[in-house]
Amino acid sequence: MTQDEFLVTPDKDVEPVLSVVMPTLNEEEGIVECIDRIKTAIDELCIPTEIIISDSSTDSTPELARERGAIVVTPDREGYGYAYRYAFNQARGEYIAMGDADTTYDFEQLPRLLTPVQNGDADICMGSRLDGEIRDGSMPKLHQYVGNPLLTRFLNTFYGAGVSDAHSGFRVFTKDALETLELTTTGMEFASEMVMKAGANDLTITEVPIIYHEREGEETLNSFRDGWRHVRFMLVNAPDYLFSYPAVALVSLGVIVMALSLSGITAGGVNFGLQTMVGGSLLSIVGYQIWTLALFSAIAADPIREPKSALIGTVRDRFQLETAASIGVVITGIGMIYLVGVFIQWLIAGEPALPSAMATLLASTGIIMGIQTIFGSFFMSMLADRSSSN
């Protein structure tokens, strides 16, 4: 049997087993080679396959794709991620493969990615460029040695994905896995979203080493803009790493510095006094403010990775406006009582001594955090009421 006998088009009644999806934006220089390589893989696999091109081109890409038996669909919105999502909705195969149409990925390697998914060993199989071979001129050195490894490290740390090349665009997965992921992004962060949600949903990801080739046609990736989109998306969907952990670190350091300052000791050649007391106060206030943002996000947001901080979870689950506001009032009241006493002392005896100045700063810190607690409690109550009504 020839490869074309396994190529399914809308005119055929055969249901495809595999759907190969490629987004295209003026890829006339590479689309023919990519489709021919897919056909070679189809000939090896011997399973009914459809090729879907999600096209937003102004050149001859769609005509060339149709001539070679591909199904061409036109997304009704812009965006790399949206182009994939639009085509995924058209895909009929039990298994779905995705990859770029610029010849960087060798689609003849499709059987190697499909096998572990087809055998039930993985929900998603990704081609790893960093564990494979990156041909000269195919990837900028900044991407190869800094951008991709760093973004992959972030993603593995935040979401436990355990992959070596998180942003490889050559992937095969089951349609059931795709439905579980519920992908929503429209831009280049789409690649991150898929891996992040797979990790959050405990889907099994495996990788096979691949060769990454030099592209045909013009580069459409903007290194810094698209890299930032990936980082931003990872952070806003991991509130523990964005808010909780930095907050705990800042508050802990601030409290330690203030305690050492109040004791007036010298450690490691550093004299702890009024100046370090100011620094400790600043760290504590900033850390507490970040921690309140963690609480707000835990109620109002719906991140991919739910906050796992025990303190955040306890406050969120047991929060009562009256209790939280009362704590804020007590803290503020204690600080105010002390400051009133200091003010009276100042009226009677003049400027207070240095230890009193540090104690005054401690009381002021408490007042600021107490006021934050009072108004933050009301804001949390508003967010909780809104969330429960939706």
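Just so it is clear: in the sequence shown, position 220 is 308 by the numbering used here, and no numbers are missing.
Backbone N, C-alpha and C define an ideal beta-carbon position, used for all residues, glycine too.
The model shown is predicted, which means the values in this text are computed figures rather than measured ones.
CB-CB length for Arg125 against Phe195, believed under 8 Å:
Contact between Arg125 and Phe195 is confirmed by a C-beta separation of about 4 Å, below the 8 Å threshold.
Member of Pro111, Leu198, Glu304, Val102 whose CA lies at the smallest distance from the CA of Val160
With distances taken between Cα atoms, Val160 lies closest to Pro111.
In whole angstroms, what is the alpha-carbon distance linking Ala171 and Met282?
Between Ala171 and Met282, the alpha-carbon positions lie close to 14 Å from each other.
Quick check: the Cα distance between Leu238 and Ala355, rounded to an integer number of angstroms?
If you take the alpha carbons of Leu238 and Ala355, they lie about 36 Å apart.
From which residue to which residue does the beta strand (DSSP E) around Ile299 run?
Membership of Ile299 in the beta strand (DSSP E) is indicated by the continuous run 293-300.
Identify every residue that forms a DSSP beta bridge with Glu138.
Answer by DSSP bridge pairing, in chain order: Ser107.
Hey, how far is the Cα of Leu113 from the Cα of Thr146?
If you draw a straight line from the Cα of Leu113 to the Cα of Thr146, it comes to about 8 Å.
In chain order, what residues of the same chain lie with their CB nearer than 6 Å to the CB of Met89, ignoring the 5 residues before and after it?
For Met89, the predicted model reports a pLDDT of 45, less than 50, meaning its position is unreliable and no value from the coordinates is stated.
Leu202 to Val324 span [Cα, whole Å]:
Going by the C-alpha atoms only, they are around 32 Å apart.
Decide yes or no for the touch test of the stretch 373-382 against the stretch 454-463: beta carbon pairs closer than 8 Å, at least 3 of them.
A contact exists between the stretch 373-382 and the stretch 454-463.
Look at Arg223 and Tyr300 and say whether their C-beta atoms are less than 8 Å apart.
With respect to the 8 Å criterion, Arg223 and Tyr300 are classified as neighbours on the basis of their beta carbons.
So is Pro98 buried or exposed if we call it buried at 16+ other beta carbons inside 10 Å?
Pro98 should be labelled exposed.
Buried or exposed, going by whether 16 or more other CB atoms sit within 10 Å of the CB of Gly421?
Burial call: exposed.
From which residue to which residue does the beta strand (DSSP E) around Phe261 run?
For Phe261, the uninterrupted beta strand (DSSP E) segment begins and ends at 259-262.
What residues match up with Leu95 in a beta bridge as DSSP calls it?
The partner list for Leu95 (beta bridge, DSSP) reads Thr137.
In whole angstroms, give me the CA-to-CA distance for Glu267 and Ser226.
Here the C-alpha atom of Glu267 lies approximately 32 Å from the C-alpha atom of Ser226.
Going by beta carbon distance, what residues of the same chain come within less than 6 Å of Glu221, once the five residues before and after it are set aside?
The beta carbon of Glu221 sits closer than 6 Å to the beta carbons of Ile299 from its chain, once the five residues preceding and following it are set aside; these are given in chain order.
Select from Val428, Gly464, Ala337, Met424 the residue whose C-alpha is nearest the C-alpha of Thr453.
Of Val428, Gly464, Ala337, Met424, the residue nearest in Cα terms is Met424.
Exposure of Leu383, with buried meaning 16 or more beta-carbon neighbours within 10 Å
Flag for Leu383 reads buried.
Distance check for Ala347 and Ile392, CA to CA, integer angstroms please.
Rounded to the nearest angstrom, the two C-alpha atoms are 38 Å apart.
Which residue or residues does DSSP assign as beta-bridge partners of Ala185?
In the DSSP secondary-structure assignment, Ala185 is bridged to Val108, Val260.
Where the beta strand (DSSP E) containing Ser216 begins and where it ends:
According to the DSSP assignment, Ser216 belongs to the beta strand (DSSP E) that extends over 212-222.
Is DSSP giving Ile456 helix, strand or coil here?
Three-state result, Ile456: helix.
Answer with buried or exposed for Val358, where buried requires no fewer than 16 other C-beta atoms within 10 angstroms of its C-beta.
With fewer than 16 Cβ atoms within 10 Å of its Cβ, Val358 is classed as exposed.
In terms of residue numbering, what span does the beta strand (DSSP E) encompassing Ile159 cover?
In the DSSP assignment, Ile159 falls within the unbroken beta strand (DSSP E) covering 159-161.
Could you compute how far the alpha carbon of Ala474 sits from the alpha carbon of Ile387?
The sequence given here has Arg at residue 474, not Ala. C-alpha separation (whole angstroms): 10 Å.
Could you check what DSSP says for Asn236 in three-state terms: helix, strand or coil?
Asn236 falls in the helix class under three-state DSSP.
Inspect the beta-carbon positions of Ser104 and Glu138 and report whether they are closer than 8 Å.
Checking the sequence, you will find Pro at residue 104 rather than Ser. Yes, Cβ-Cβ distance for Pro104 and Glu138 is below 8 Å.
In or out: Ala437 buried (at least 16 other Cβ within 10 Å) or exposed?
Exposed, since its Cβ has fewer than 16 Cβ neighbours within 10 Å.
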